[in-house]
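*Asks:* Numbering (the working numbering), first residue to last: 13 to 633.
C-beta atoms are modelled at their ideal positions from N, C-alpha and C, and glycine is treated no differently.
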């Protein structure tokens, strides 16, 4: 360490890990490192931005609920804090199969921030420091520390950059641009220069947020109420949750709304050319939806409470960056919002991020040893995607410091594996959002079995606690006991009172689980099942119902795993490998896959190229 230390207080500036940021990725990364015994420091632009729900006041949703359950199973914090901050809980896609059903919760955003900040403050080995990181200090291609705006240097063996959307962020409303981060917080104006200097070239992405209005100025009688529902919690560590503390509402735009937008579309920064960053495909602004879907008579949106101690209401689905007077006209053209009072304006935000193809599947830089990136700086979008990456970056930084093998979750193991593999193998040219359709093994990766898939892994890496692990073992034991009863036959006398059409002969428990004319709650009332939790009954019933599909999927997983067993040397020079096509050679040289399986998922690498690599590996062996 050649840099001069801070003399009298030098130990205050020497850490195992420094995490830059305070959002969802940074929080999970810092907790993972500190909880596994590493002296960790979080450098945060503003302590009040810790765990900030800068956009929608919700956690979970389609596929995102899967991520939260997986984060929890590994020993992460997001699910626990979400449960403690719940306003309302719903299960999305109930009319569809179990694979795509996802928990979504309305969250009290102030309580979530306060709870997460308190958790971080009371975690041993973790120090919080409000400071702006401006430079990554590198020696011989290895990270050694971080320099702040006022010249302080924090030394570390590993650094995790999880800066969210704050790097050179600009807020854009109409023709006004402000150098500012989300929710009025300051932007980070210097760190991206250092990131570019070490070889991770940045680019600009864009996202946005809708207005917040005063709930007292809304006429809810003209809107459709959306109540919460009793479901299991995000975290297996939560004994119970209050699932419906306040309602949400559903509203619709109309012809007048669309007319206002069309008449003023030339004032939208997206159409005037003022916005340069690439926006999220699956979260368009309302002006983009109106112009893109011209035949659609109305667009739905949701009115979601920001918290239990505030009147602010979030208008989910009405993101815009139009001028303020137009925003007001749009809102007041909608039934129920005729007298709505805006409390916070909608805006677009541009920010800098890196190309995730420059990262290993561990989220460590391919350029600088010991440097990790996690969250929206990797081109992803969403709290849950960020938290998942932060957790994995923290776990892998910890494993590296302990001299252990890294953890790379496969696509058949977790949605987290799909997320990180997509980013580091395929890359992204727009803000990446997790979706169930991205997971080819989604029937196996249900949110209800996340603890069964990942708790053992979380315990092995030292993050899942003994209490969590014991819950996992207890559930496994209950599942095994219930599985042993699947072939038990029930007489018509016992079952017929539950059925509209009586049976003439006995029926097994497995066959009962597969019937559509019986609800699971009805089956759970059988005396033989009274000692089993509803969670376990649901788990076994789903496995029984989909056993044929699951068996076929397991065969596909086994085939995919064979390719993952073939390791590729990290220093392999693909330019000198004969038989590869030019495009494949270029892509492989850039991405440098760790396994043959990863190589097979690279765009531009075809089966013939994989055969060349397979022959090379076998020859070397």
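Quick check on residue 459: does DSSP put it in helix, strand or coil?
*Replies:* Reading the chain shown from its first residue, position 447 is the one you call residue 459. Helix.
*Asks:* Within 10 angstroms of the Cβ of residue 630, are there 16 or more other Cβ atoms? Answer buried if so, exposed if not.
*Replies:* Here residue 630 refers to the residue found at position 618 of the chain shown. Counting Cβ neighbours within 10 Å, residue 630 comes out exposed, since fewer than 16 surround it.
*Asks:* What first and last residue would you give for the beta strand (DSSP E) that runs through residue 167?
*Replies:* Position 155 of the chain shown holds residue 167. Looking at the DSSP string, the run of the beta strand (DSSP E) that includes residue 167 is 165-173.
*Asks:* Take every Cβ of the stretch 227-246, pair it with every Cβ of the stretch 170-189, and state whether three or more of those distances are shorter than 8 Å.
*Replies:* No, because fewer than three Cβ pairs between the stretch 227-246 and the stretch 170-189 fall closer than 8 Å, the two stretches do not touch.
*Asks:* Mind checking residue 501: buried by the 16 CB within 10 Å criterion, or exposed?
*Replies:* Position 489 of the chain shown, counted from the first residue, corresponds to residue 501. Residue 501 is exposed by the Cβ-count criterion.
*Asks:* Does DSSP put residue 157 in a helix, in a strand, or in coil?
*Replies:* Position 145 of the chain shown, counted from the start, is the residue given in the question as residue 157. Reduced to three states, the DSSP call for residue 157 is strand.
*Asks:* In the stretch 335-395, which residue ranges form an unbroken beta strand (DSSP E) of at least 3 residues, counting only runs that do not cross its ends?
*Replies:* Whole beta strand (DSSP E) segments, 3+ residues: 354-356, 359-366, 383-385.
*Asks:* Below 8 Å CB to CB, which residues in the same chain sit around residue 366 once its five sequence neighbours on both sides are set aside?
*Replies:* Along the chain shown, read from residue 1 onward, the residue named residue 366 stands at position 354. Cβ within range, chain order: 207, 212, 213, 214, 215, 385, 389, 390, 391.
*Asks:* Could you tell me whether the stretch 408-425 touches the stretch 27-45, using the rule of 3 or more Cβ pairs below 8 Å?
*Replies:* Contact holds: three or more Cβ-Cβ distances are below 8 Å.
*Asks:* Whose CA, out of 424, 157, 531, 248, lies closest to the CA of residue 569?
*Replies:* Translated into the one-based positions of the chain shown, residue 569 becomes position 557. For the residues 424, 157, 531, 248, the minimum Cα distance to residue 569 belongs to 424.
*Asks:* Taking contact to mean at least 3 C-beta pairs separated by less than 8 Å, is the stretch 353-361 in contact with the stretch 137-146?
*Replies:* Not touching, per the Cβ criterion.
*Asks:* State buried or exposed for residue 618, treating a residue as buried only when at least 16 other CB atoms are found within 10 Å of its CB.
*Replies:* Within the chain shown, numbered from 1, the residue matching residue 618 stands at position 606. Counting Cβ neighbours within 10 Å, residue 618 comes out exposed, since fewer than 16 surround it.
*Asks:* By the three-class DSSP mapping on this structure, what secondary structure does residue 111 have?
*Replies:* Here the question's residue 111 lines up with position 99 in the chain shown. Three-state DSSP puts residue 111 in a helix.
*Asks:* Express the C-alpha separation of residue 92 and residue 126 in angstroms, rounding to a whole number.
*Replies:* For the purposes of this step, residue 126 is taken as residue 114 along the chain shown, with counting starting at 1. For the purposes of this step, residue 92 is taken as residue 80 along the chain shown, with counting starting at 1. Answer to the nearest angstrom: the Cα atoms are 13 Å apart.
*Asks:* Does DSSP classify residue 499 as helix, strand or coil?
*Replies:* Position 487 of the chain shown, counted from the first residue, corresponds to residue 499. Correct three-state label for residue 499: coil.
*Asks:* Does the beta-carbon distance from residue 219 to residue 292 come in below 9 Å?
*Replies:* Along the chain shown, one-based indexing puts residue 219 at 207. Along the chain shown, one-based indexing puts residue 292 at 280. Cβ distance < 9 Å, so residue 219 and residue 292 count as in contact.
*Asks:* Near residue 145, which residues of its chain fall below 7 Å by C-beta distance, leaving aside the five closest residues on each side in sequence?
*Replies:* The count along the chain shown starts at 1 and reaches residue 145 at position 133. These residues qualify, in order along the chain: 32, 55, 158, 160, 203.
*Asks:* Cα-Cα, which of 537, 252, 62, 552 is closest to residue 526?
*Replies:* The count along the chain shown starts at 1 and reaches residue 526 at position 514. Ranking the options by Cα distance to residue 526, first place goes to 552.
*Asks:* Just the Cα atoms here: how many angstroms apart are residue 408 and residue 515?
*Replies:* The sequence position of residue 408 within the chain shown is 396, counting from 1. The sequence position of residue 515 within the chain shown is 503, counting from 1. One C-alpha to the other measures close to 56 Å.
*Asks:* So residue 437 and residue 614 are in contact, right, with Cβ under 8 Å, and what is the actual spacing, rounded?
*Replies:* For the purposes of this step, residue 437 is identified with residue 425 of the chain shown, where counting begins at 1. For the purposes of this step, residue 614 is identified with residue 602 of the chain shown, where counting begins at 1. About 6 Å; that satisfies the 8 Å criterion.
*Asks:* Let's test the definition: count the other Cβ atoms within 10 Å of the Cβ of residue 278 and tell me whether it reaches 16, buried, or not, exposed.
*Replies:* Stepping through the chain shown from its first residue, residue 278 is reached at position 266. With fewer than 16 other Cβ atoms within 10 Å, it is exposed.
*Asks:* Cutting at 7 Å between CB atoms, please list the residues of its own chain near residue 555, excluding the five before and the five after it.
*Replies:* Here residue 555 corresponds to residue number 543 of the chain shown, with the count starting at 1. Contacts found: 562.
*Asks:* If you run the structure through DSSP and keep just helix, strand and coil, what is residue 147?
*Replies:* Counted from its first residue, the chain shown places residue 147 at position 135. Of the three classes helix, strand and coil, the one that applies to residue 147 here is strand, per DSSP.
*Asks:* Give me, in chain order, the residues of the same chain whose beta-carbon lies closer than 6 Å to that of residue 347; leave out the 5 immediate sequence neighbours on both sides.
*Replies:* Here residue 347 is taken as the residue at index 335 of the chain shown, counted from 1. Once the five neighbours on either side are set aside, the close Cβ partners of residue 347 are 234.
*Asks:* Could you tell me the distance, in whole angstroms, from the CA atom of residue 632 to the CA atom of residue 382?
*Replies:* Taking the first residue of the chain shown as 1, we reach residue 632 at position 620. Taking the first residue of the chain shown as 1, we reach residue 382 at position 370. Cα-Cα distance, rounded: 29 Å.
*Asks:* So residue 195 and residue 64 are supposed to be a Cβ contact under 8 Å. How far apart are they, rounded?
*Replies:* Translated into positions along the chain shown, residue 195 becomes position 183. Translated into positions along the chain shown, residue 64 becomes position 52. Contact flag correct, Cβ pair sits at about 7 Å.
*Asks:* Is residue 536 helix, strand or coil by DSSP?
*Replies:* Here residue 536 refers to the residue found at position 524 of the chain shown. Residue state, collapsed to three classes: coil.
*Asks:* The alpha helix (DSSP H) spanning residue 69 covers which residue range?
*Replies:* The count along the chain shown starts at 1 and reaches residue 69 at position 57. No alpha helix (DSSP H) contains residue 69, which DSSP labels as neither H nor E.
*Asks:* Helix or strand or just coil, what does DSSP make of residue 473?
*Replies:* Numbered from 1 along the chain shown, position 461 holds the residue referred to as residue 473. Residue 473 falls in the coil class under three-state DSSP.
*Asks:* Using 9 Å as the threshold, is the C-beta distance between residue 401 and residue 379 below it?
*Replies:* On the chain shown, position 389 is the one that residue 401 refers to. On the chain shown, position 367 is the one that residue 379 refers to. No.
*Asks:* So within the stretch 242-311, which uninterrupted beta strand (DSSP E) runs reach at least 3 residues, ignoring any that extend past its ends?
*Replies:* Those beta strand (DSSP E) runs which fall completely within the stretch 242-311 and span 3+ residues are 260-264.
*Asks:* Quick one: what's got a C-beta closer than 7 Å to residue 249's C-beta in the same chain, skipping five residues either side?
*Replies:* Here residue 249 refers to the residue found at position 237 when the chain shown is read from its first residue. Answer for residue 249: 92, 480, listed in chain order.
*Asks:* In whole angstroms, give me the CA-to-CA distance for residue 143 and residue 578.
*Replies:* Residue numbering aside, residue 143 sits at position 131 when the chain shown is read from its first letter. Residue numbering aside, residue 578 sits at position 566 when the chain shown is read from its first letter. Spanning the two alpha carbons is a distance of roughly 44 Å.
*Asks:* Measuring CB atoms only, is the stretch 266-282 touching the stretch 332-348, in the sense that at least three cross pairs come out at less than 8 Å?
*Replies:* Short answer: they touch.
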